[in-house]
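Right, one structure below, let's go through it.
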Amino acid sequence: MTTLDDTIALLGELVAYPTVSADSNLACIGALADRLENVGARVEVMKSDCGEKANLYATLGPDVQGGILLSGHSDVVPVEGQAWTADPFTMSTREGRLYGRGTCDMKGFIAACVAMAPALAAQIKTRPLHFAFTYDEETGCLGAKSLAEQLKSREILPSLAIIGEPTSMRVVEGHKGCCEYTTRFTGRGGHGSDPAAGVNAVEYAARYIARLMELRESLKDRTPPESRFEPPWTTINTGSLIGGFAHNVIPAEAEVQWEMRPVVDADAQFVRTEMQRYISDILLPAMQEVAPESAITTETIGDTPGLMPATHGEAAALACALTGSNGGALVPFNTEAGVFQQLGIDVVICGPGSIEQAHKPDEFLEISQLSQCLAMLERLGPRL
430 MTTLDDTIAL LGELVAYPTV SADSNLACIG ALADRLENVG ARVEVMKSDC GEKANLYATL
490 GPDVQGGILL SGHSDVVPVE GQAWTADPFT MSTREGRLYG RGTCDMKGFI AACVAMAPAL
550 AAQIKTRPLH FAFTYDEETG CLGAKSLAEQ LKSREILPSL AIIGEPTSMR VVEGHKGCCE
610 YTTRFTGRGG HGSDPAAGVN AVEYAARYIA RLMELRESLK DRTPPESRFE PPWTTINTGS
670 LIGGFAHNVI PAEAEVQWEM RPVVDADAQF VRTEMQRYIS DILLPAMQEV APESAITTET
730 IGDTPGLMPA THGEAAALAC ALTGSNGGAL VPFNTEAGVF QQLGIDVVIC GPGSIEQAHK
790 PDEFLEISQL SQCLAMLERL GPRL
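Numbering (the working numbering), first residue to last: 430 to 813.
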């Protein structure tokens, strides 16, 4: 059996674990841990607080600084409401493509790393190779953040990392952060014929959105001169406004779901500070003047740092050498890369498959992409 055959077979096994973010990933992580232990890796399975999920962190080679980390997330998005032509958790092969939930995003990369582990282990001399397979990336990079908390107190960390998100094997050096919030408004209901007697939560939510839109425009003036992102400034998007149920009723509750994609952390702090000031100085006093029980609360749904492009980074140079690429790109989607970068690790993103296939029905990974990934990992061996 060739390494490609072994990788495809392992990918089929991984796809068969329905590791949707709402469910457990323990069986999948256990299978990966067994494979890595069998090639001599020092394996740690780090369970979440709920005990139903786990990260895997494993090391091949000496226990020294300067290692290389290969990382991917084990969770996948749901399949409900999608028109799949076959069982999404039974991998199938058609016309050079591997179909199944997670083939592209991103169990293909994980399968390639683990299938190559025996060959890589045999080549390690001075530089360790680390593996990190996480949970709940799709719901806020929760697993990576938990892993980072556990790793930051250690004296020995990898010096660089390759995150195998689907980039069509392009080397990606950066992406914006992703901050998602739900802001809830509690006013006082009443009859629509007397608006002044109540506190219309929907109207205050609309004023909140209007302020977000004002800040969205002002963020353009804060664009860093060196920004290579598209668009180059921090963006804000209002995803939904929920509230009210009849024409003639003053709604007592409303909810705004919104996000921003900061180019730099300072922009995110600027928006949060300005919105809190607007609540404290303008909206809430007006609401509580009529109804003292009025309230505005904001829940952080996800707050993931961006990956800031590094100048002359070792990770980008290595990935370009391994893939034959001439330079790194930037992408609009968010990954776990920024979490690892905050540990002081030099990080790039490079993995098999196209992001265009991720999260969609009949998700697939081109076998040719998997072959390119294996070739990249094969070239990594002599550098260990």
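Ideal Cβ positions, reconstructed from N, Cα and C, are used throughout, including at glycine. All values reported here derive from a predicted model rather than from experimental measurement.
Asked, Found
"In DSSP terms, what serine 500 is bridged to", "Ala561, Ile592"
"For alanine 758, the residue or residues it bridges with in DSSP", "Val601"
"DSSP state of threonine 611 mapped onto helix, strand, coil", "strand"
"Proximal residues to leucine 571 (C-beta, below 6 Å), its chain only, five neighbours per side dropped", "Asp565"
"Secondary structure of alanine 445, DSSP reduced to three states", "coil"
"Distance between aspartate 516 and proline 738 (C-alpha atoms, nearest Å)", "39 Å"
"Cβ neighbours of alanine 544 in the same chain (closer than 7 Å, five flanking residues each side left out)", "Thr432, Asp435, Thr436, Leu439"
"Ordered list of alpha helix (DSSP H) runs contained in the stretch 783-808, each at least 4 residues", "none"
"The stretch 596-615 contacting the stretch 685-696, beta-carbon criterion three pairs below 8 Å", "yes"
"Residue range of the unbroken beta strand (DSSP E) whose run includes threonine 823", "With the chain represented from 430 up to 813, any question about residue 823 goes unanswered, as that position is not in the structure."
"Element boundaries [alpha helix (DSSP H), containing leucine 571]", "571-580"
"CB contact flag (methionine 475, alanine 483, <7 Å)", "yes"
"Reduced DSSP secondary structure (H/G/I, E/B, other) of lysine 476", "strand"
"Candidates Phe538, His788, Arg617, Cys802: closest to threonine 568 by CA position", "His788"
"Within 7 Å, strictly: CB atoms of phenylalanine 614 and alanine 720", "no"
"Option in Thr488, Lys581, Thr555, Lys574 with minimal Cα separation from proline 734", "Lys574"
"Same chain, Cβ closer than 7 Å to lysine 536, neighbours up to 5 away in sequence not counted", "Leu440, Leu443, Val444"
"Integer-rounded CB distance, given that alanine 546 should sit under 8 Å from valine 468", "5 Å"
"Alpha carbon of methionine 430 to alpha carbon of serine 800, nearest angstrom", "14 Å"
"For aspartate 775, the three-state DSSP class (helix, strand or coil)", "strand"
"Cβ-Cβ separation, leucine 747 to leucine 586 (assumed contact under 8 Å), whole Å", "Going by Cβ atoms, the distance from leucine 586 to leucine 747 rounds to 17 Å, so no, they are not a contact pair."
"Beta-carbon gap between leucine 679 and glycine 621 smaller than 7 Å", "The residue you asked about is not leucine; residue 679 is isoleucine in the sequence shown. For isoleucine 679 and glycine 621, yes; Cβs fall inside 7 Å."
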